[in-house]
Amino acid sequence: MSHFSFQLDATDSTSAGRAGQWSTPHGVVETPAFMPVGTRGSVKGVLPRDLRECGAQMILANTYHLALRPGSEVVRDLGGLHQLMNWDGPILTDSGGFQVFSLSGLRRLTEDRVQFKSHIDGSLLELTPQ
Numbered sequence: 385m386s387h388f389s390f391q392l393d394a395t396d397s398t399s400a401g402r403a404g405q406w407s408t409p410h411g412v413v414e415t416p417a418f419m420p421v422g423t424r425g426s427v428k429g430v431l432p433r434d435l436r437e438c439g440a441q442m443i444l445a446n447t448y449h450l451a452l453r454p455g456s457e458v459v460r461d462l463g464g465l466h467q468l469m470n471w472d473g474p475i476l477t478d479s480g481g482f483q484v485f486s487l488s489g490l491r492r493l494t495e496d497r498v499q500f501k502s503h504i505d506g507s508l509l510e511l512t513p514q
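In this text, residue positions in the sequence shown follow the working numbering: the first is 385, and each later residue adds one.
Right under this line is the structure:
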């Protein structure tokens with residue numbers, strides 16, 4: 385499978401509730417779904433195999449935190465986020481948008497990018513829509 389698709393299986397006429405299947409190149413996620421959070425590339429205190437046994441279908445990771453630690457070069461050198469996390473299923477990475485607002489004192493925002501001053505070591509991190 386090399387594409388994304390969503391199949392709507394059920395809706396609730398009294399609310400905005402719906403259920404379906406989201407197909408990704410790394411597997412199918414039945415929605416609604418709970419996503420354990422692996423902020424820096426791992427879910428604290430839980431091994432990937434145990435996540436599967438608990439019924440996790442997808443893991444959420446954080447772009448901002450991954451960019452600071454371990455860094456995009458480390459992720460790339462290890463073969464990508466799936467290799468780093470030892471997870472073959474779908475991974476959702478957020479955009480870093482929350483940090484744009486929550487770390488307003490450490491960022492500079494322009495029309496096409498945001499530049500952060502790392503809260504760890506003061507280095508600069510730049511995120512763009514690409």
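Idealized CB from N, CA, C, for every residue including glycine.
It should be emphasised that the depicted structure is a prediction, and the values quoted were computed from it without experimental measurement.
So is Phe482 buried or exposed if we call it buried at 16+ other beta carbons inside 10 Å?
As a position in the sequence shown, residue 482 is number 98, starting the count at 1. It counts as exposed.
How many Å lie between Arg460 and Gly411 at the Cα?
Locating residue 460 in the sequence shown gives position 76, where the first residue counts as 1. Locating residue 411 in the sequence shown gives position 27, where the first residue counts as 1. The alpha-carbon atoms of Arg460 and Gly411 are separated by roughly 22 angstroms.
Tell me the rounded alpha-carbon separation between Gly404 and Ala440.
The residue given as residue 404 occupies position 20 in the sequence shown. The residue given as residue 440 occupies position 56 in the sequence shown. Distance between the alpha carbons of Gly404 and Ala440 is about 16 angstroms.
What does a CB cutoff of less than 7 angstroms around Ser502 pick up in its chain, not counting 5 residues either side in sequence?
On the sequence shown, position 118 is the one that residue 502 refers to. Taken in chain order, the residues that qualify are Leu452, Leu509.
Looking only at its chain, what residues have a beta carbon closer than 6 angstroms to the beta carbon of Thr408, apart from the 5 residues adjacent to it on each side?
As a position in the sequence shown, residue 408 is number 24, starting the count at 1. Correct list, in chain order: Phe388, Pro474.
What would DSSP say about Met385, mapped onto helix, strand or coil?
Counting from 1 along the sequence shown, the entry for residue 385 is found at position 1. Annotation note: pLDDT 46 at Met385 (below 50); position unreliable, coordinate value reported separately. DSSP places Met385 in coil when its eight states are reduced to three.
Sorted by chain position, which residues of the same chain lie with C-beta nearer than 8 angstroms to Met469's C-beta, five sequence neighbours on each side aside?
Against the sequence shown, residue 469 aligns to sequence position 85. If we look at Met469 and ignore the five residues flanking it on each side, its Cβ neighbours are Gly422, Gly425, Ser426, Pro432, Ile443, Ala445, Ile475.
DSSP state of Gln441 mapped onto helix, strand, coil
Position 57 of the sequence shown holds residue 441. DSSP places Gln441 in coil when its eight states are reduced to three.
Check the DSSP bridge columns for Val515 and list the partner residues they point to.
What is shown of the chain runs 385 to 514, which leaves residue 515 out entirely.
Using CA coordinates, which residue listed in Asp434, Val430, Asp393 is at the minimum distance from Thr415?
By 1-based counting over the sequence shown, the position of residue 415 is 31. Relative to Thr415, the option among Asp434, Val430, Asp393 whose CA is nearest is Asp393.
In angstroms with no decimal places, state the Cα-to-Cα distance between Val413 and Gln391.
Here residue 413 is taken as the residue at index 29 of the sequence shown, counted from 1. Here residue 391 is taken as the residue at index 7 of the sequence shown, counted from 1. Rounded to the nearest whole angstrom, the C-alpha separation of Val413 and Gln391 is 10 angstroms.
Close beta carbons around Arg492, own chain, < 6 angstroms, minus the five adjacent residues each side
Translated into the one-based positions of the sequence shown, residue 492 becomes position 108. Here the set comprises Gln499.
What three-state label does DSSP hand Ala400 in the structure shown?
As a first step, residue 400 must be located in the sequence shown, where it is residue number 16. In the structure shown, Ala400 sits in coil (DSSP, three-state: anything other than H, G, I, E or B).
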